[in-house]
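>
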Ligand SMILES: Cc1ncc(C[n+]2csc(CCOP(=O)(O)OP(=O)(O)O)c2C)c(N)n1
Ligand SMILES: [Mg+2]
């Protein structure tokens, strides 16, 4: 661990400068350049504030007071080579990396041509793919874990260079040019793959920069990210821009002891800097040392920069309500733009005329940029649905409709062995990992054994997941590709998101659906929206496998939850919920090869059920998303369901046919987003009666949407009210008598079917 503390008074008072003098490695020309970025940044803020008051832009967030640290970071790092997760105060950094003032004004007016988001995101939410500036959001701190994943991605490609290659798939390339494959195109093995649309670039020694405010260090994800970066000795620079406030909350109320540097000092392998971030020279020096530490592979760095915030938190905030004048004046005396200007004059780097000229040039450039931006066209309302999902790979298309291989009949004439859903998920993961070196698998306990020597010396067998679905994968593919993560769900999804941004295909596991909630911010506000908010500039098509559901006899409240409708409510996220072994294999392969993020829900009760066992359908078997399966054809009544209710509904359907001659058409949706409306409509039009059944709690559940759609679009075809059978609106209890009463049982389904048939 190295710690450097720069005396804030030192760097800017170097008197008697000579023309050849360099300042902590910065030439006079670079210092002028730094000042230009800083001054431009401040003046863009001023312009935006004016434009906001004139109602020509709709939001303003300033980088004022943060210009010196930003310009310094921009000079120390390499645009388009290193990777950047800059938060909203990093305007000067973005300018230093090459973002044009015009681009920034395009953000403000929300122009269609705004390269960061096409008018979808607030200004100061940076996103510039060519510069490796990754799309930013508004939740404080959700970028940090992704930055860690980004660094992991770079390292992975450096160690597995073959993984970066794009496999040959001429048919797909041709099809991509002509739009999604048509439904009558012939299914071809290895036909579709997200990799064709994901250009990977890596350098081997690139650094990932991520910045955040002092208040944001209170977020749990910050600590998860620091831990993960230290564990992996990753080349990440964490830049905390400490302006002493998080809106109105001062640092001593935010951070125990009032100084974040003191709290993080124990993280191993970090290089630490605490610096006056209003001083560009000191800041540059701090960054240079941090860059060296990271590039040489010693681990991450932490730059704690003390800065100011002269323009309140935002235009909606007035800091005079909570900051005394004297305190504000103290800050003003440290204003980075003024200080740097004085420094240039004092050092004889620029004289007054030179300063004036530079400032006039900037003003002229900004005037042109503002005028042009105000003329830019807004996006069209017709474009709103663009890039919710991948425009390149349609997982519902016929290209994902492949046939299972004929199972080999054993020579001795015995029956073809049928495998469980758990077996086939493992087999599919294994075959996909062979097929695609970009796939990495991590999560809690998914590895065989973290202490590799035990495996090597065959002292242990290995664990491979609490349900054993990843058993053997670490042994077979190595610890780079299959590994245990810390117990931190936000970190699992956040890191995976960052890795996928770089082109990897993380297939991560959330051990129990009940514990997915710490990752919710990452799933709802990041993973599912990254493509849309960046206007297709970035994507992160990961797969999240989650063990879900009850009927466990003793699973109780925290090992039995469903809640899929919470996720089907999220645009941009595919949600899959297979009920049997063959579907699980086919849908998992589609999930992995497709270009969208997928939540893959695996029902624990079905993992080893005798219902739905099947032989392995082969290494290229896929099922398109949004195609339901008719499990039991019928003419009297439609039952729409999925997951563990499928075998229960089948039992009830067989019973009612046997006893009353009622022929139930049982539909297993298999995929919840997208879902198969055509099959539902066709069936309901035929039977005129419909029951929607699901394991989750009744009210506001997945079936509510299906019922509403049927009521809306098939009303004329109904001879009876739409009925729902689902769990009681309560949690799943431990005592089996209670569990049975809470979750929908075959008899509940039978009674509802009977009532509907007799209606
Ligand atoms: C998760 C989350 N909670 C609350 C907010 C609202 N909010 C936006 S900025 C901010 C303060 C951030 O303070 P700090 O991290 O110190 O950064 P600064 O704005 O001071 O640069 C808050 C509370 C948010 N955007 N995200
Ligand atoms: Mg702050």
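Residue numbers (this note's numbering): 2 to 760.
Beta carbons: idealized from backbone N, C-alpha and C, even for Gly.
(1) Let me know the secondary structure DSSP gives residue 77 once reduced to three states.
(2) Please name the residue or residues paired with residue 666 in a DSSP beta bridge.
(3) Could you compute how far the alpha carbon of residue 53 sits from the alpha carbon of residue 346?
(4) Is it buried or exposed, residue 358, if we count other Cβ atoms within 10 angstroms and call 16 or more buried?
(5) With C-beta atoms as the reference, is residue 394 less than 9 angstroms away from residue 590?
(6) Sort out for me which residues DSSP pairs residue 764 with in a bridge.
(7) Strictly closer than 6 angstroms from CB to any heavy atom of ligand 2: give me those residues in the order they appear in the chain.
(8) Between 706, 448, 38, which lies nearest to residue 366 when the distance is taken from Cα to Cα?
(9) Where does residue 485 fall in DSSP's three states?
(10) Say the cut is 8 angstroms; is the CB of residue 140 nearer than that to a heavy atom of ligand 1?
(11) Could you give the C-beta distance for residue 543 and residue 489, rounded to a whole number, given that I count them as a contact under 8 angstroms?
(12) When you measure from the CB of residue 560 to every non-hydrogen atom of ligand 1, does any distance come out below 8 angstroms?
(13) Under 8 angstroms: does the beta carbon of residue 314 sit that close to some heavy atom of ligand 1?
(14) Quick check on residue 541: does DSSP put it in helix, strand or coil?
(15) DSSP on residue 247, reduced to helix/strand/coil?
(16) Assess, as a yes-or-no matter, whether the stretch 125 to 132 is touched by the stretch 273 to 280 under the definition of 3 or more beta carbon pairs within less than 8 angstroms.
(17) To the nearest angstrom, how far is the alpha carbon of residue 809 from that of residue 584?
(18) Please go through the same chain and pick out, in chain order, the residues whose beta-carbon is closer than 7 angstroms to the beta-carbon of residue 750, but skip the five residues on each side of it.
(19) Ordered along the chain, which non-local residues of its own chain (more than five positions away) have a Cβ less than 6 angstroms from that of residue 411?
(20) What are the boundary residues of the alpha helix (DSSP H) that residue 704 is part of?
(21) Relative to the C-alpha of residue 582, which residue among 624, 62, 748 is closest?
(22) CB-CB under 6 angstroms to residue 504, same chain, minus the five flanking residues each way: which ones, in chain order?
(23) Specify whether the stretch 366 to 377 and the stretch 101 to 115 touch according to this definition: at least 3 beta carbon pairs, one from each stretch, less than 8 angstroms apart.
(24) By DSSP, does residue 507 sit in helix, in strand, or in coil?
(25) Please list, in chain order, all residues of the same chain as residue 1 whose beta carbon is under 7 angstroms from its beta carbon, the five residues on each side excluded.
(26) For residue 427, which residues of its own chain have a beta-carbon under 6 angstroms away from its beta-carbon, when the five flanking residues on both sides are left out?
(27) Mapping DSSP to helix, strand and coil, what is residue 173?
(28) Report the partner residues of residue 698 according to the DSSP bridge assignment.
(29) Under 8 angstroms from any heavy atom of ligand 1, does the C-beta of residue 136 make it?
(30) Cutting at 7 angstroms between CB atoms, please list the residues of its own chain near residue 515, excluding the five before and the five after it.
(31) Where residue 690 and residue 440 are concerned, what is the direct C-alpha to C-alpha distance, given to the nearest angstrom?
(32) Do residue 24 and ligand 1 come close, with the Cβ less than 8 angstroms from some heavy atom?
(33) CA-CA distance, residue 98 and residue 75?
(34) Our contact map puts residue 301 next to residue 230 with C-beta atoms below 8 angstroms; I'd like the distance itself, whole angstroms only.
(35) Verify whether the separation of the beta carbon atoms of residue 242 and residue 86 is less than 9 angstroms.
(36) DSSP state of residue 371, grouped into three classes?
Taking the geometry as given:
(1) Correct three-state label for residue 77: helix.
(2) According to DSSP, residue 666 bridges with 639.
(3) Cα to Cα, residue 53 sits roughly 33 angstroms from residue 346.
(4) In summary, residue 358 is exposed, with fewer than 16 beta-carbon neighbours lying within 10 Å of its beta-carbon over all protein chains present.
(5) No. Outside cutoff.
(6) What the structure shows of the chain is the stretch from 2 to 760, and residue 764 is not part of that stretch, so it cannot be assessed.
(7) That gives 214, 215, 216, 244, 246, 247.
(8) Minimum Cα distance to residue 366 is reached at 38.
(9) Three-state DSSP puts residue 485 in a strand.
(10) True, at least one ligand heavy atom lies under 8 angstroms from that Cβ.
(11) With 8 angstroms as the limit, residue 543 and residue 489 do not qualify as a contact, their Cβ atoms being about 16 angstroms apart.
(12) No; taking the cut-off as 8 angstroms, the Cβ of residue 560 has no heavy atom of ligand 1 nearer than that.
(13) Distances between the C-beta of residue 314 and the heavy atoms of ligand 1 include at least one below 8 angstroms.
(14) The answer is coil: DSSP assigns residue 541 none of H, G, I, E or B.
(15) Correct three-state label for residue 247: strand.
(16) With the cut-off at 8 angstroms, the stretch 273 to 280 and the stretch 125 to 132 do not touch.
(17) The structure shown has nothing for residue 809, since the chain only spans 2 to 760.
(18) Result list for residue 750: 649, 650, 653, 694, 726, in chain order.
(19) Result list for residue 411: empty, nothing under 6 angstroms.
(20) Residue 704: member of the alpha helix (DSSP H) spanning 703 to 714, first to last residue.
(21) For the residues 624, 62, 748, the minimum Cα distance to residue 582 belongs to 624.
(22) Closer than 6 angstroms at Cβ, skipping near neighbours: 199, 201.
(23) These segments touch.
(24) In the structure shown, residue 507 sits in a strand (DSSP, three-state: E or B).
(25) The requested residue 1 does not occur in the structure, where the chain is confined to residues 2 to 760.
(26) Same-chain partners within the cutoff: 470.
(27) A caution first: residue 173 carries a pLDDT of 46, below 50, which makes its placement in the model unreliable, though a value can still be read off. Looking at residue 173 - three-state DSSP - the assignment turns out to be helix.
(28) Its beta-bridge partners are 728.
(29) No - ligand 1 has no heavy atom lying nearer than 8 angstroms to the Cβ of residue 136.
(30) Once the five neighbours on either side are set aside, the close Cβ partners of residue 515 are 559, 560, 562.
(31) Going from the Cα of residue 690 to the Cα of residue 440 covers about 44 angstroms.
(32) Flag unset: Cβ of residue 24 not near ligand 1.
(33) Looking at the two C-alpha atoms, the distance is approximately 6 angstroms.
(34) In this structure residue 301 touches residue 230 by the C-beta definition: roughly 4 angstroms separates them, less than 8 angstroms.
(35) Going by C-beta atoms, residue 242 is not nearer than 9 angstroms to residue 86.
(36) Under the three-state reduction of DSSP, residue 371 is assigned to helix.
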